[in-house]
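Heads up, the thing below is written out as structure tokens.
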Amino acid sequence: MISIRNLSVEFSAKTLLDNINYVINRRDRIALVGKNGAGKSTMLKIIAGLQRPTSGSVDAPSDVTIGYLPQHMTTEDTCSVIEEARKAFGHIKEMQQRIDELNAQLAERTDYESDSYADLIERVTALTERLAMEDGSGGEAEIEKTLAGLGFERSDFDRPTCEFSGGWRMRIELAKILLQRPDVMLLDEPTNHLDIESIQWLENFLVQKASAVVLVSHDRAFIDNVTNRTIEISLGRIYDYNVNYSKYVELHRERIEQQMRAYQNQQKQIADTEEFIERFRYKATKAVQVQSRMKQLAKIERIEVDEVDTSHLNLRFPPAPRSGDYPVICDALGKSYGDHRVFSDATFTIKRGEKVAFVGKNGEGKSTLVKCIMHEIPFDGTLRIGHNVKIGYFAQNQAQLLDGEITVFDTIDRVAVGDIRTKIRDILGAFMFGGEASDKKVKVLSGGEKTRLAMIRLLLEPVNLLILDEPTNHLDMATKDILKQAIKDFDGTVIVVSHDREFLDGLVEKVYEFGGGKVRECLGGIYEFLEKKKLASLQELERKNRPAAADKPAAAAEPVAETSSATTAAKLSYQEKKERDRAINRATKKVKDAEAEIAGIEAEIADLESRLASGTQQSPDVYELHAALGKKLDNAMSLWELASMELDELKQRYSMQ
Numbered sequence: 000m001i002s003i004r005n006l007s008v009e010f011s012a013k014t015l016l017d018n019i020n021y022v023i024n025r026r027d028r029i030a031l032v033g034k035n036g037a038g039k040s041t042m043l044k045i046i047a048g049l050q051r052p053t054s055g056s057v058d059a060p061s062d063v064t065i066g067y068l069p070q071h072m073t074t075e076d077t078c079s080v081i082e083e084a085r086k087a088f089g090h091i092k093e094m095q096q097r098i099d100e101l102n103a104q105l106a107e108r109t110d111y112e113s114d115s116y117a118d119l120i121e122r123v124t125a126l127t128e129r130l131a132m133e134d135g136s137g138g139e140a141e142i143e144k145t146l147a148g149l150g151f152e153r154s155d156f157d158r159p160t161c162e163f164s165g166g167w168r169m170r171i172e173l174a175k176i177l178l179q180r181p182d183v184m185l186l187d188e189p190t191n192h193l194d195i196e197s198i199q200w201l202e203n204f205l206v207q208k209a210s211a212v213v214l215v216s217h218d219r220a221f222i223d224n225v226t227n228r229t230i231e232i233s234l235g236r237i238y239d240y241n242v243n244y245s246k247y248v249e250l251h252r253e254r255i256e257q258q259m260r261a262y263q264n265q266q267k268q269i270a271d272t273e274e275f276i277e278r279f280r281y282k283a284t285k286a287v288q289v290q291s292r293m294k295q296l297a298k299i300e301r302i303e304v305d306e307v308d309t310s311h312l313n314l315r316f317p318p319a320p321r322s323g324d325y326p327v328i329c330d331a332l333g334k335s336y337g338d339h340r341v342f343s344d345a346t347f348t349i350k351r352g353e354k355v356a357f358v359g360k361n362g363e364g365k366s367t368l369v370k371c372i373m374h375e376i377p378f379d380g381t382l383r384i385g386h387n388v389k390i391g392y393f394a395q396n397q398a399q400l401l402d403g404e405i406t407v408f409d410t411i412d413r414v415a416v417g418d419i420r421t422k423i424r425d426i427l428g429a430f431m432f433g434g435e436a437s438d439k440k441v442k443v444l445s446g447g448e449k450t451r452l453a454m455i456r457l458l459l460e461p462v463n464l465l466i467l468d469e470p471t472n473h474l475d476m477a478t479k480d481i482l483k484q485a486i487k488d489f490d491g492t493v494i495v496v497s498h499d500r501e502f503l504d505g506l507v508e509k510v511y512e513f514g515g516g517k518v519r520e521c522l523g524g525i526y527e528f529l530e531k532k533k534l535a536s537l538q539e540l541e542r543k544n545r546p547a548a549a550d551k552p553a554a555a556a557e558p559v560a561e562t563s564s565a566t567t568a569a570k571l572s573y574q575e576k577k578e579r580d581r582a583i584n585r586a587t588k589k590v591k592d593a594e595a596e597i598a599g600i601e602a603e604i605a606d607l608e609s610r611l612a613s614g615t616q617q618s619p620d621v622y623e624l625h626a627a628l629g630k631k632l633d634n635a636m637s638l639w640e641l642a643s644m645e646l647d648e649l650k651q652r653y654s655m656q
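Under numbering that gives the first Met the number 0, think of the first position of the sequence shown as 0, with each following residue one higher.
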């Protein structure tokens, strides 16, 4: 569908992309991966026609439509949310107008046998068929469904776009692209401004309704669920894999290992041959063998190991000074903006050393509560910061606050004090800003590079309470893993505001959910929280679908006599008993299924461990499988605990009635 041929891009005599070739086919869902600054966003801009390559071409049929969502963009503020979304169907109106114009021309023509008349009919037919395919008749319902899926309330539809933050405006642009249903969607970090529920909705949309998709995202769970092909950009070259990201990671490692083994074997063979030639070069009795070995050596096709990008981030937070036992204590905390109540009665305590996550839909108060903790805004209720608490705060827009006109070195030099100023070059080198990179102006850095630079400023002073508001936006996979490990190793207290499920998994032991004006505490990791939330949603759905007495016809609801009233009461009691039995049976089945799952995983682990204990040679995959099964067992145990808790709650509830 789209062919990229011999594509090269150079910036200031440095090659970013070198002779790239690949094809985007229908139904391809491609994850474009690579380190920050590798050229992923540049590739999308070139395919979208917004940037010209140094050489090469992007070829596509004239009727192929492309939708492009950039990382950053400026939007107009002249209309409401729904009016802006309706612009997605502007091309349908244009097609209808064009059809009307052509029909008017046909009505005036009388040269029915001419070639130009036949050509006019063909154009009307083609446009009419395309208009039918676009199916603009259901546009209004589709607009509302898409906006709701991306987190907008119905009350937001008529609000002017100027009232929304940049993140919400990006959602409007994303909605327009999804509504247009282009043949190829180019999405650059589409999840950066979405909450977990909206990300899951977008996953389903792209899998079920999109045609070809090329996306850049550092949300591993998202790209694993959406993509079926991975293209890695590394050191100007690409490596194309017809698998999702997790499988690509395995295949990439295997490819490098196989190449290295083959290279080492060949190098040994070459060394042995050269040694033989050198030893017997001047012996007449070995002249024939020497000549034969020299010919063999000349014919060998030298194996090359793909050049690996070895630049690596060295991130470690300074040791945390000891703080009081309770760094953050909130009691009946609330915040309002005029008549709008963001949240109220938030009461919780964060203990020293805890790592917690703030999650929930955008606009429900996560960043607002962080600003309250930072005392940047006034609030209602009580909020106490513990003894000797020193806060390190990474704001959501931290990277955008950097001065683009100064260099990387000057950015750090202006905030560093004392002895740390003598180590600025070393610090920048540890963050992959070594050598000439430290002299770059901030404005030419990629989004991930700016985030890394902003993170350095956070490390210049030891703290014991880290507050990180969306720290992973724009960071590549490897850097996110390093940041995650650094937070795990940090011996202070951490509050993370994030929608990245993979990043939060195994990092936090407690989740605070923001929604409906409340802040709710949930013990356990992010996937335990999501599973519990799913169960709660199903129970809520059952309650809503349960028929109420008020729904009955008036005649049936009126008691005819005292005996009739008693019969109705008995019938209700019977209905409740049936409902109780069904609920307990469902919960019991969940517990048994979870126990069976645990038993199966434990059997697999036992089998693997017996193989490892046998002393026979095992492939490296066995150890990876053992680790994966361990994590799978942990998740299964968590689900069993949730199912058991649900069963106990049901039994306790019905025993009290």
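Yeah, the Cβ is synthetic: ideal placement off N, Cα and C, and Gly gets one too.
Whole angstroms are fine: how far does the CA of residue j sit from the CA of residue i?
{"i": "S343", "j": "L444", "result": "40 angstroms"}
{"i": "K630", "j": "I597", "result": "12 angstroms"}
{"i": "E603", "j": "T367", "result": "47 angstroms"}
{"i": "I120", "j": "K439", "result": "58 angstroms"}
{"i": "P320", "j": "K389", "result": "8 angstroms"}
{"i": "N472", "j": "H251", "result": "25 angstroms"}
{"i": "T450", "j": "P69", "result": "17 angstroms"}
{"i": "F408", "j": "S437", "result": "5 angstroms"}
{"i": "I232", "j": "D187", "result": "15 angstroms"}
{"i": "S216", "j": "L31", "result": "8 angstroms"}
{"i": "I148", "j": "D218", "result": "For the record, residue 148 in the displayed sequence is Gly; it is not Ile. Each residue's Cα considered, the two are about 19 angstroms apart."}
{"i": "K570", "j": "L482", "result": "No answer about K570 holds up, because its pLDDT of 40 lies below 50 and its placement is not dependable."}
{"i": "D663", "j": "N203", "result": "This structure cannot settle anything about residue 663, because the visible part of the chain is limited to 0 through 656."}
{"i": "Y21", "j": "D606", "result": "43 angstroms"}
{"i": "E300", "j": "I269", "result": "11 angstroms"}
{"i": "F316", "j": "A485", "result": "7 angstroms"}
{"i": "D194", "j": "S245", "result": "22 angstroms"}
{"i": "E353", "j": "A345", "result": "18 angstroms"}
{"i": "L16", "j": "V289", "result": "44 angstroms"}
{"i": "G36", "j": "L452", "result": "13 angstroms"}
{"i": "Y67", "j": "Q399", "result": "22 angstroms"}
{"i": "N584", "j": "R254", "result": "50 angstroms"}
{"i": "H498", "j": "I3", "result": "34 angstroms"}
{"i": "L457", "j": "L234", "result": "29 angstroms"}
{"i": "E100", "j": "A106", "result": "10 angstroms"}
Check residue i in the structure and name its three-state DSSP category.
{"i": "I1", "result": "strand"}
{"i": "C521", "result": "strand"}
{"i": "L234", "result": "coil"}
{"i": "F357", "result": "strand"}
{"i": "T450", "result": "helix"}
{"i": "K285", "result": "helix"}
{"i": "Y111", "result": "coil"}
{"i": "S609", "result": "helix"}
{"i": "N584", "result": "helix"}
{"i": "K591", "result": "helix"}
{"i": "R26", "result": "coil"}
{"i": "K439", "result": "coil"}
{"i": "S210", "result": "coil"}
{"i": "S7", "result": "strand"}
{"i": "Y240", "result": "strand"}
{"i": "D412", "result": "helix"}
Name the DSSP beta bridge partners of residue i, please?
{"i": "P159", "result": "S79"}
{"i": "H339", "result": "Y336"}
{"i": "G38", "result": "BP columns for G38 are empty, so no partner."}
{"i": "Y511", "result": "F357, E520"}
{"i": "V493", "result": "K354, L465"}
{"i": "D218", "result": "None; D218 has no bridge partner."}
{"i": "A345", "result": "L332"}
{"i": "I390", "result": "L464"}
{"i": "R228", "result": "I29"}
- Query: Is the region 371-386 touching the region 324-341 in the sense that three or more CB pairs, one from each, lie closer than 8 angstroms?
  - Reply: yes
- Which whole runs of the alpha helix (DSSP H) in the region 52-88 are 4 residues long or more, in chain order? 80-85
- Query: Touch check for the region 514-534 and the region 635-646: three-plus C-beta pairs under 8 angstroms?
  - Reply: yes
- Counting Cβ pairs closer than 8 angstroms, one from the region 355-370 and one from the region 509-524, do we hit at least three? yes
- Task: Run through the region 163-192 for me and flag every whole alpha helix (DSSP H) of 4 or more residues, listed as ranges in chain order.
- Result: 165-179
- Message: Count Cβ pairs between the region 278-297 and the region 255-267 that sit closer than 8 angstroms; are there 3 or more?
- Response: no
- Message: Does the structure place the region 165-175 close enough to the region 80-88 that three or more beta carbon pairs sit under 8 angstroms?
- Response: yes
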